[in-house]
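The block underneath contains the structure these notes are about, expressed in structure tokens.
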Amino acid sequence: MISKFYPYHASPELERQSLEKSLKRLGTDYLDLYLLHWRGDKRLSETVRGLKELQKEGLIRHWGVSNFDVADLEELFSVPGGKDCFANEDLYNLSERGVEYDVLPWQEKHSVSFIGYSPFNSGKGDSIRITNNLKIVARAHNVTPHQIMLAWTMRNGNVLSIPKAGTVKHMRENIAAQDIKLTSDEIKLIDNDFPQPTEKTPLAMI
Numbered sequence: 047m048i049s050k051f052y053p054y055h056a057s058p059e060l061e062r063q064s065l066e067k068s069l070k071r072l073g074t075d076y077l078d079l080y081l082l083h084w085r086g087d088k089r090l091s092e093t094v095r096g097l098k099e100l101q102k103e104g105l106i107r108h109w110g111v112s113n114f115d116v117a118d119l120e121e122l123f124s125v126p127g128g129k130d131c132f133a134n135e136d137l138y139n140l141s142e143r144g145v146e147y148d149v150l151p152w153q154e155k156h157s158v159s160f161i162g163y164s165p166f167n168s169g170k171g172d173s174i175r176i177t178n179n180l181k182i183v184a185r186a187h188n189v190t191p192h193q194i195m196l197a198w199t200m201r202n203g204n205v206l207s208i209p210k211a212g213t214v215k216h217m218r219e220n221i222a223a224q225d226i227k228l229t230s231d232e233i234k235l236i237d238n239d240f241p242q243p244t245e246k247t248p249l250a251m252i
């Protein structure tokens, strides 16, 4: 079970208050993962100190961050306890691949799990275009183009993708996508429409 807290709650006292409200709302006595929603103006050392206290008390099992770029992660790792960060959640999909250039490699090197949000939507909040190549790959697997989009985000086994599901049908399709194995030729076909990043770009977020 995962929940987040806002940057303006990123101090020990407010983190605790926010967590207590989340636990009550969710009807549980602990969270598996508690994430800072995005970087704010609070000192990371204070944020981490509060999270470590909550973790020590058993109220959270792990803690992490969201919408952090490499510079943010490096600063996080420089503060006491910062290297205990379990995960970072960033926007990641076919039209927003910037994290492949540096964030994903950095997190793999430092053993920080990567969670990718919005696998079907671009950084502008609109739907990713369904190209002919996506349709070709989808037909080859007898699935939908959206299932291919989702399977693509998880193709290397180093990304936990978190799609939304408006219906039970969509939920089942999302679950089934984890079993789709894309071939190297299919990945190249998709890359033709959605190229890999060749340089550092500003971190995309919604």
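According to the numbering used here, the sequence shown is numbered sequentially starting from 47.
In this text, a Cβ means the ideal position worked out from N, Cα and C, and glycines have one as well.
How would you call residue i, buried or exposed, if buried means at least 16 neighbouring beta carbons within 10 angstroms?
i      : result
Gln224 : exposed
Would you identify the three-state DSSP class for residue i, choosing helix, strand or coil?
i      : result
Val111 : strand
Ser141 : coil
Gly104 : coil
Asn167 : strand
Ser159 : strand
Asp225 : coil
Find out if the Cβ-Cβ distance for the pair residue i, residue j is shorter than 7 angstroms.
i      : j      : result
Glu154 : Asn113 : no
Phe132 : Gly162 : no
Ser57  : Glu92  : yes
On a Cα-Cα basis, can you pick out the residue from the options that is closest to residue i?
i      : options                          : result
Pro209 : Asp136, Val158 and Ile106        : Asp136
Ile174 : Phe160, Tyr54, Gly212 and Glu142 : Glu142
At which residues does the beta strand (DSSP E) containing residue i begin and terminate?
i      : result
Leu249 : Unbroken run through Leu249: none, as it is neither H nor E.
What are the boundary residues of the alpha helix (DSSP H) that residue i is part of?
i      : result
Lys210 : Neither: Lys210 is in no alpha helix (DSSP H) and is coded neither H nor E.
Asp231 : Ser230 to Asp239
Phe123 : Val116 to Ser124
Lys155 : Val149 to Lys155
Gln67  : Per the sequence presented here, residue 67 reads as Lys, with Gln not at that position. Its alpha helix (DSSP H) spans residues Pro58 to Leu72.
Ile194 : Pro191 to Thr199
The ligand MN and residue i: does any heavy atom of the ligand fall closer than 6 angstroms to the residue's C-beta?
i      : result
His216 : Because no ligand of any kind appears in the structure shown, any question about the ligand MN cannot be addressed here.
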